[in-house]
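What follows is a single structure, written as structure tokens, with notes after it.
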Amino acid sequence: MFMFAIDSYALNNNGPHDPALKKITISDPGQKLVLQLDYSDGCKITQLKVKGKNVLSESGVYTGFRTRGGSFTSCSGQDGIKVEESGNKILIKNIIYGDHSISVNESWSFDLNGDKIIWNINRKYSNLAKLEEMAFPQWNFADLAVWKGGILDNGGMVWCKYLREVNDTYGVHTGGVTFWNPDTGNALRIKAKSDGRQLAAKYSQSDKKEFVCTHFVTDEELEPRYNLNRFVHQRADVFTPFNVRKGEVNMTLEMEYVDYAVAYSRGNLPGIDAEAVRELMNTTGRYGVVDNMIVGANGWTTNWKCLHEPFFAQIGMALNDGNYVKNMSATLDSERDYAITADGCVLSRWHNADEDQMPGTFNYKTGYYEARWGYTIDSQTGHVINTAEQFDLCGDIEWLKSHKAGCEKALDWLIRRDSNGNGIFEMMNNSIVSGPYGPQLRNGMLCDI
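Just so we're aligned, residue -15 is where the sequence shown starts under my numbering, counting upward by one.
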């Protein structure tokens, strides 16, 4: 159980705690971000105002979980909730919900750190259980037009327009996000932290047409439920069921108003539409980030990435986002460890399923494989070029040294293609007799079949 100081400005603003109505209002000093909590029947955030406009649906923000026996949330059916104040301190406790098989007792506390509102959730599980879903918490925004999307803290993004149907869902293994609206210039940044635990989040369209962000805190990294899919169509359950243990779990959420135009300015670009460049970078430029350690092309809605394209590190230079750079380094580590075969061939694809694999090449755990259209030779150079240019961005010499052997192996494989010693590796441009591209598959492409 935790007690945190609330800045006196926030506490004294418009009577922040109304015990009769059981409502609490908390704002940052500039009132750019204002939260209203209601604990009259359960406990939830009913309003989240960003520069005066409430961005939430009637569902608000709440915590919860689902088992095979039912769904339980902090929203209703509770009359024992207590609020403690001591000076500038406030604590909401005894938020209890669940059933005989598993229940939780939560305490919520709020603090201010400069312009940031810090929300800490302390959850106590009554015993070991397997959960189908979790809301730690769940943010229900009014609709898919409130935000254009969210910039993720792995360098990727969720684009609301791609959640076209009810329950279209994108799940990632990271918790931080900056939601933005380029028309208003407003952005909401949420940083998530849970020491020693695994974070994940999913983004979806609800049956109420809401834009929903749901956070998870687990002991083990969540597994995709459907093959290796990060994006699923018309299914909200993107992750497999998972175990929780008896005891306490903490989640800290740092909320901050962000002036989007200032924070993501592309600078002065004479003769060029700088705002269009900004939006291109924050959407299409990030679309190839499927998840942690999966940065490539084709995009997260396809659950595909290519390894034969050499410009992914260059995209990081254009984005100027340290999170993308960090994830790109981790992606190249993964390629080095799992996508380079013993003889040095760089597998050219990552995908959620084996539908277009060259027989026997798909790794059902890592997702790397060779496409059945043929060996895409430029994955050899693509991996090496991305590694070299990634070093230009990260400047990590030890990281670069760890890739020396892998890059040499990839290049040696290519050099061995030069059977006559003329400095040019040989290729075979045979036709394809099956597959979606027909018999004239990109005549002359870098493909050995």
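Every residue, glycine too, gets a C-beta built ideally from N, C-alpha and C.
Checklist entry - What three-state label does DSSP hand residue 418 in the structure shown? => result Low local confidence applies: a pLDDT of 47 at residue 418 is under 50, so the model's placement there is unreliable, with the coordinate-based value given in what follows. Coil, per DSSP.
Next on the checklist: Whole angstroms are fine: how far does the CA of residue 371 sit from the CA of residue 321?
Outcome noted: 13 Å
Checklist entry - Contact check, residue 7 vs residue 19 under 8 Å by CB: the rounded distance? => result About 11 Å separates the two Cβ atoms, so there is no contact after all.
Next on the checklist: Could you compute how far the alpha carbon of residue 241 sits from the alpha carbon of residue 103?
Outcome noted: 14 Å
Checklist entry - For residue 138, which option in 150, 266 and 342 has the closest C-alpha, if you only look at C-alpha atoms? => result 266
Next on the checklist: I'd like the span of the alpha helix (DSSP H) that includes residue 308, first residue to last.
Outcome noted: 306 to 322
Checklist entry - residue 128 to residue 92, Cα distance in whole Å? => result 28 Å
Item to check | Sub-8 Å separation of residue 143 and residue 45 beta-carbons | outcome: no
Next on the checklist: Could you check whether the region 108 to 122 touches the region 211 to 225, counting it as contact only if at least three pairs of C-beta atoms, one from each stretch, sit closer than 8 Å?
Outcome noted: yes
Checklist entry - Given residue 160, which residues of its chain have a CB within under 6 Å of its CB, disregarding the five upstream and five downstream residues? => result 137, 175 and 176
Item to check | CB of residue 147 within 8 Å of CB of residue 187, strictly | outcome: yes
Item to check | Bounding residues of the alpha helix (DSSP H) (the contiguous stretch that carries residue 365) | outcome: 362 to 378
Checklist entry - Roughly how many whole angstroms lie between the Cα atoms of residue 34 and residue 52? => result 37 Å
Next on the checklist: So for residue 142, helix, strand or coil by DSSP?
Outcome noted: strand
Checklist entry - Between residue 269 and residue 302, is the Cβ-Cβ spacing less than 8 Å? => result yes
Next on the checklist: Could you tell me the alpha carbon to alpha carbon distance between residue 169 and residue 308, rounded to whole angstroms?
Outcome noted: 23 Å
Checklist entry - Do three or more CB pairs link the region 325 to 340 to the region 279 to 293 at distances below 8 Å? => result yes
Checklist entry - Can you list, in chain order, the residues of its chain whose CB lies under 6 Å from that of residue 57, leaving out five sequence neighbours each side? => result 46 and 48
Checklist entry - Alpha carbon to alpha carbon, what distance is there between residue 192 and residue 410? => result 57 Å
Next on the checklist: Does residue 476 pass the burial test, meaning 16 or more other C-beta atoms within 10 Å, or should it be called exposed?
Outcome noted: Outside the shown range of the chain, which is -15 to 433, sits residue 476, and nothing can be said about it.
Item to check | Segments assigned alpha helix (DSSP H), at least 4 residues, entirely inside the region 77 to 126 | outcome: none
Checklist entry - Across which residues does DSSP place residue 213 in a beta bridge pair? => result DSSP output for residue 213 lists no bridge partner at all.
Item to check | First and last residue of the uninterrupted alpha helix (DSSP H) at residue 28 | outcome: Looking at the DSSP string, residue 28 is not in any alpha helix (DSSP H); the run it does join, the beta strand (DSSP E), is 28 to 34.
Checklist entry - Hey, which unbroken runs of the alpha helix (DSSP H) at 4 residues or more fall wholly within the region 227 to 293? => result 244 to 247 and 258 to 266
Checklist entry - Taking C-beta to C-beta, are residue 387 and residue 332 nearer than 8 Å? => result no
Next on the checklist: Contact defined as beta carbons within less than 8 Å: I believe residue 272 pairs with residue 377. What is the distance between those atoms, to the nearest angstrom?
Outcome noted: Not quite, the Cβ-Cβ distance comes to about 16 Å (not below 8 Å), so this is no contact.
Item to check | Chain-order list of residues whose beta-carbon lies under 6 Å from that of residue 202 (same chain, five-residue window excluded) | outcome: 182 and 226
Item to check | DSSP-derived helix/strand/coil call for residue 197 | outcome: strand
Checklist entry - Which whole-angstrom value describes the C-beta separation of residue 158 and residue 171, a residue pair presumed to lie in contact below a C-beta threshold of 8 Å? => result Actually they do not touch by this definition, with Cβ atoms about 18 Å apart.
Checklist entry - Apart from the five residues on each side of it in sequence, which residues of its chain come closer than 8 Å, Cβ to Cβ, to residue 218? => result 149, 150, 151 and 152
Checklist entry - For residue 88 versus residue 1, is the C-beta spacing smaller than 8 Å? => result no
Checklist entry - Secondary structure at residue 392, three-state DSSP: helix, strand or coil? => result helix
Next on the checklist: Please identify the residue among 178, 14, 196 and 76 whose C-alpha is closest to the C-alpha of residue 130.
Outcome noted: 196
Item to check | Unbroken beta strand (DSSP E) run spanning residue 164, endpoints | outcome: 161 to 165
Checklist entry - From the DSSP output, which residues share a beta bridge with residue 57? => result 48
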